[in-house]
Amino acid sequence: MAKLTTQDLEVIKSAQKARLAFRERTYLLICGGTGCHATGSIRVKDALLAAIEDKGLGDTVQVIETGCNGFCAMGPLLVVHPGDIFYQKLTVEDMPELVESHLINGKPVERLLYKDPVSKARIAAQTKIPFFAHQMPRALRNKGLINPESIDEYIGRDGYIGAAKALFDMTPQQIIEEMKISGMRGRGGAGFPTGVKWDFASKSAGAVKYVLCNADEGDPGAFMDRSILEADPHAVLEGMIIAAKAIDAHKGYIYARTEYPLAIKRLGIAIDQAKGYGLLGDNILGSALSFDIEIYQGAGAFVCGEETALMRSIEGKRGMPRPRPPFPAHKGLWEKPTILNNVETLANVPQIMVKGGAWYAGVGTQTSKGTKVFALSGDVNNIGLVEVPMGTPLRTIIYDIGGGIPNKRKFKAVQLGGPSGGCIPESHLDTPVDYEAIAKVGAIMGSGGAIVMDEKTCMVDMARFFMEFIQDESCGKCTPCREGTRRQLQILEKICEGRGEPDDIDILVELSQTIRETALCGLGQTGPNPVLSALRYFRDEFEAHIHEKRCPAKRCVALLRFEVEPDACTRCGMCFRACPADAIVWEKKEVARIDKEKCIKCLTCYDKCRFDAIF
Amino acid sequence: MPLPLTAEDRLHLKTLQPQIAASPKGRGQLIPLLQMAQKALGYLPDEALSLVADHLAVTRSEVYGVASFYNQFRFNPPGKNPVKVCMGTACHVRGGEIILENFERKLEIREGETTEDREFSIERVACVGCCALAPVALVGETLHGHMAPSKVEGLVLRVRLEKEKAEREAAHS
Ligand SMILES: Cc1cc2nc3c(=O)[nH]c(=O)nc-3n(C[C@H](O)[C@H](O)[C@H](O)COP(=O)(O)O)c2cc1C
Ligand code: SF4
Ligand code: SF4
Ligand code: FES
Ligand code: FES
């Protein structure tokens, strides 16, 4: 492949016009993200291709496999253009009908369209589906649109135009200035202003500097970064090139989570293509900048998401944090000036160069600009990726976009920020998405994990769950984190098992304070947050466990009797049908009974009983 | 007690040796080399740690110290069908630990162990990024979403049946 110039970029861009404006053909965009692969999209795609071949439509129809579309719970998904028709939960058997009806007769297949859970009406156009209608895709602007393995399609969407502008029309200081104007704050969790970070590193003296991308996505229950990497890997590379020019770096690493094989594969393809086009390597686009990127696969340790630990890990050592200062902007990877940015932060950078910082800051709140991507999951109807302007109330995310809570249950809390964050109850659901506003109610913005919990979630159990995670992942370097979290976990386990004692709550609070103040890195310092926020809003649940030996949400096995309350049992037999162990004795019109010899305490019946009759 | 190497392990070690020898040296290579070794063998026996240590001219205890720090590396052989149960938050909210317990009960091993016939092993993972399908479990490379206690038995049975079928076919030919 020939090395490109800026003019060549424009040529490639125009060549992509028809495809990206969905002209001249019918385009079938099938999702090829990890989620849809798991639900069978590869087989569906093969069946689709076969049906198209069968009808001889090969010349007028083009099938494109895109990255994650965002609405993963509905996979396998397909969007047909023109028309923006959204098909969901497709099977191999549906394909001949879809081709016949939609592609030949021009009639979308009604039964495969999205069905509004409230009105029961079918909605054909993707942008009309409430899940998508309230979103503002910026970091996710190319999701579901382009083939992530085609650099030309990326260029067609203004790809590498931002880099070209930064390389030829801007000085490093102008790039940094533009980032400052954009108000962009790091999307990895801490929310540090990106422009300021780059400024430090650019002023740091040294011939060797590094640009790192944090693709470790450690928050268990978050998949924003995975989706960006799978759907739009070039955006991250381009962001890194721009950062390299800003601080004068020549080498970059992407520290990628090893559990994301597809993301790593697509990144690898993207890097090779960029090299082939001369968008990575020596004298990028003929400019003075030479910059290369390598993927470094993490080896599975949450603490390696922390910046100093991540750098130790790339150096081939145990990923243990070290005290700051010195900050990585002065002494980072191999003691050289280094910047580390999150995937989502970097994916936003190219558009900020193209459209300007002021454009980016055009939406948001006083202190939080632009948009934020959330991975909405848990007990919510519409699970998937959600990108909204800063300032959007949490209620909008959970109810308008997320479609509310399934199974007619009540909302209890939403957990933001994973193991470093906290839960937000109903009373604070009008809190806007804003770094400071969220911190005020006891959680953190975090990297974007948003896990919705319904009334059947036990908040003591959740606190125990997060503490177990922190305890497992503590690197053990400093005592407060290592010993303090172990002690907290013991207490929480004891409470869940019905052996809680009256002063346990006070001990938990005290330990939390000590750990927060004395731990070395963010993992320890923020580790007690989930416990504190659960205590702040759901103290009564802790008290019920401790004083009454009762789990109000019926989740803590040791506090359950596995018996049926005859007066509450409506004799419906739901539990009987659901029990995987044949442990429920039931006949029509009879009260159900649990055979404790056979019961494996799986809680399925508690979940299935609509009348709360099992206790 | 480390398990003795199987003939298969020895074969893999043999092919691994030149691969490692051909790799660049330097401390930064340690984790990538361990990943290469584990990919070849499925785990890191002492012999593999020594290969890496010799290549990089660092002590074996240094190599072990790094390897044991990371969750990815294992020191006992996995089953032919490693079961990985997601214990991330989204899966926990949907009952992930109940799925883990069901696998443990069904296979009669605990998390971190391998069945005697080396067919299955169980481990926990923290989020595989398919939270939309929670609770999630992987059997081998295949991801299974919306897991339920009743599905566990079916999955295990399917693997065992497939194995029997393969054995029968092998016996025929
Ligand atoms: C324990 C711990 C884990 C972290 N994990 C991640 C992670 O998985 N991904 C990430 O981008 N940042 C993570 N961070 C934040 C990083 O240390 C760092 O602030 C961030 O990558 C900087 O990029 P940003 O300014 O673009 O957000 C973690 C921090 C701590 C303390
Ligand atoms: S706070 Fe925890 S994770 Fe961080 S350095 Fe200390 S022991 Fe390690
Ligand atoms: S807890 Fe599980 S095994 Fe026990 S009765 Fe209920 S459904 Fe059956
Ligand atoms: S993987 Fe298909 S929508 Fe996310
Ligand atoms: S929490 Fe299980 S896949 Fe994300």
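As they're listed, the protein sequences go chains G and X. For what it's worth, my numbering labels the leading residue of the first sequence as 7, then goes sequentially. For what it's worth, my numbering labels the leading residue of the second sequence as 465, then goes sequentially. Cβ atoms here follow ideal geometry from the backbone N, Cα and C, with glycine treated the same way. Computed from a predicted model, the values in this text were never measured in an experiment.
CB contact below 9 Å: residue i versus chain G
{"i": "X:M465", "result": "Below a pLDDT of 50, predicted positions are generally treated as unreliable, and X:M465, at 48, falls in that range; no measurement from the model is reported."}
{"i": "X:G559", "result": "yes"}
{"i": "X:L607", "result": "yes"}
{"i": "X:S514", "result": "no"}
{"i": "X:Y534", "result": "yes"}
{"i": "X:N566", "result": "yes"}
{"i": "X:L498", "result": "yes"}
{"i": "X:R569", "result": "yes"}
{"i": "X:F539", "result": "no"}
{"i": "X:V547", "result": "no"}
{"i": "X:V620", "result": "no"}
{"i": "X:G492", "result": "yes"}
{"i": "X:H556", "result": "yes"}
{"i": "X:I562", "result": "yes"}
Chain X contact for residue i (CB, 9 Å cutoff)
{"i": "G:H551", "result": "no"}
{"i": "G:G224", "result": "yes"}
{"i": "G:Y93", "result": "no"}
{"i": "G:C219", "result": "no"}
{"i": "G:P425", "result": "yes"}
Start and end residues, alpha helix (DSSP H) containing residue i
{"i": "X:R524", "result": "R524 to F533"}
{"i": "G:I135", "result": "Run containing G:I135: none; DSSP gives neither H nor E here."}
{"i": "G:P267", "result": "P267 to G282"}
{"i": "G:F475", "result": "M465 to E479"}
{"i": "G:F544", "result": "N535 to H553"}
{"i": "G:Y441", "result": "Y441 to K446"}
{"i": "G:F582", "result": "M580 to A584"}
{"i": "X:Q536", "result": "Element bounds for X:Q536: n/a, residue is neither H nor E."}
{"i": "X:F567", "result": "G560 to L571"}
{"i": "G:G428", "result": "Looking at the DSSP string, G:G428 is not in any alpha helix (DSSP H); the run it does join, the beta strand (DSSP E), is G428 to P431."}
CA nearest to the CA of residue i, picked from the options
{"i": "G:Y266", "options": "X:L621, X:E575 and X:E605", "result": "X:E605"}
{"i": "G:A145", "options": "G:L285, G:V242 and G:A27", "result": "G:V242"}
{"i": "G:V202", "options": "G:A540, G:R117, G:Q180 and G:G506", "result": "G:Q180"}
{"i": "G:P395", "options": "G:L35, G:P88, G:P143 and G:G38", "result": "G:P143"}
{"i": "G:G368", "options": "G:I187, G:F174 and G:V69", "result": "G:I187"}
{"i": "G:S426", "options": "G:Q531, G:K19 and G:D122", "result": "G:Q531"}
{"i": "X:G492", "options": "X:R538, X:T470, X:H519 and X:T553", "result": "X:H519"}
{"i": "G:D231", "options": "G:E350, G:L173 and G:K342", "result": "G:E350"}
{"i": "G:E183", "options": "G:P199, G:P399 and G:A170", "result": "G:P199"}
{"i": "G:P88", "options": "G:A27, G:G39 and G:I48", "result": "G:A27"}
{"i": "G:E463", "options": "G:V563, G:D60, G:E523 and G:I358", "result": "Residue identity check: residue 463 of chain G is Thr in the sequence provided, not Glu. The option with the nearest alpha carbon to G:T463 is G:V563."}
{"i": "X:L477", "options": "X:S487, X:G490, X:G506 and X:G543", "result": "X:G506"}
Where the beta strand (DSSP E) containing residue i begins and where it ends
{"i": "G:G390", "result": "G390 to P395"}
{"i": "G:D175", "result": "Unbroken run through G:D175 is the alpha helix (DSSP H), I167 to D175; no beta strand (DSSP E)."}
{"i": "X:E587", "result": "F584 to V589"}
{"i": "G:G455", "result": "G455 to D460"}
{"i": "G:V570", "result": "Careful: G:V570 lies outside any beta strand (DSSP E) and carries neither H nor E."}
{"i": "G:I152", "result": "First-last for G:I152: undefined, no H or E at that position."}
{"i": "G:Y93", "result": "I91 to Y93"}
{"i": "G:G384", "result": "T377 to G384"}
In DSSP terms, what residue i is bridged to
{"i": "G:Y259", "result": "G:L218 and G:E300"}
{"i": "X:C550", "result": "X:V589"}
{"i": "G:G287", "result": "G:F297"}
{"i": "G:T32", "result": "G:V67"}
{"i": "G:Y120", "result": "G:I129"}
{"i": "G:I411", "result": "None, per the DSSP bridge assignment."}
{"i": "G:P102", "result": "G:P102 is not bridged to any residue."}
Proximity test, residue i beta-carbon vs ligand 6 heavy atom, cut-off 8 Å
{"i": "G:T610", "result": "For the structure depicted, ligand 6 is absent and the ligand set comprises only ligand 1, ligand 2, ligand 3, ligand 4 and ligand 5."}
Quiz item: When the Cβ atoms of the region 508–526 of chain X are set against those of the region 558–572 of chain G, are three or more pairs found closer than 8 Å?
Solution: Because the criterion of three Cβ pairs below 8 Å is not met, the region 508–526 of chain X and the region 558–572 of chain G do not touch.
Quiz item: For the 8 Å Cβ check, are there 3 or more pairs between the region 481–490 of chain X and the region 580–588 of chain G?
Solution: Segments in contact, no.
Practice problem: Report yes or no: do three or more beta-carbon pairs, one from the region 436–456 of chain G and one from the region 478–487 of chain G, lie closer than 8 Å? | Solution: With the cut-off at 8 Å, the region 436–456 of chain G and the region 478–487 of chain G do not touch.
Practice problem: Determine, using beta-carbon pairs with one atom in the region 553–568 of chain X and one in the region 448–460 of chain G, whether at least three such pairs fall under 8 Å. | Solution: Counting C-beta pairs closer than 8 Å gives three or more between the region 553–568 of chain X and the region 448–460 of chain G, which meets the contact rule.
Self-check item: Contact the region 290–310 of chain G vs the region 336–343 of chain G: 3+ CB pairs below 8 Å
Solution: These segments do not touch.
Practice problem: Could you tell me whether the region 495–503 of chain G touches the region 302–320 of chain G, where touching means 3 or more Cβ pairs closer than 8 Å? | Solution: Touching, no, given that fewer than three Cβ pairs across the two stretches are closer than 8 Å.
Quiz item: Just checking, does the region 308–327 of chain G make contact with the region 540–556 of chain X on the three C-beta pairs under 8 Å criterion?
Solution: With fewer than three CB-CB distances shorter than 8 Å, the region 308–327 of chain G does not count as touching the region 540–556 of chain X.
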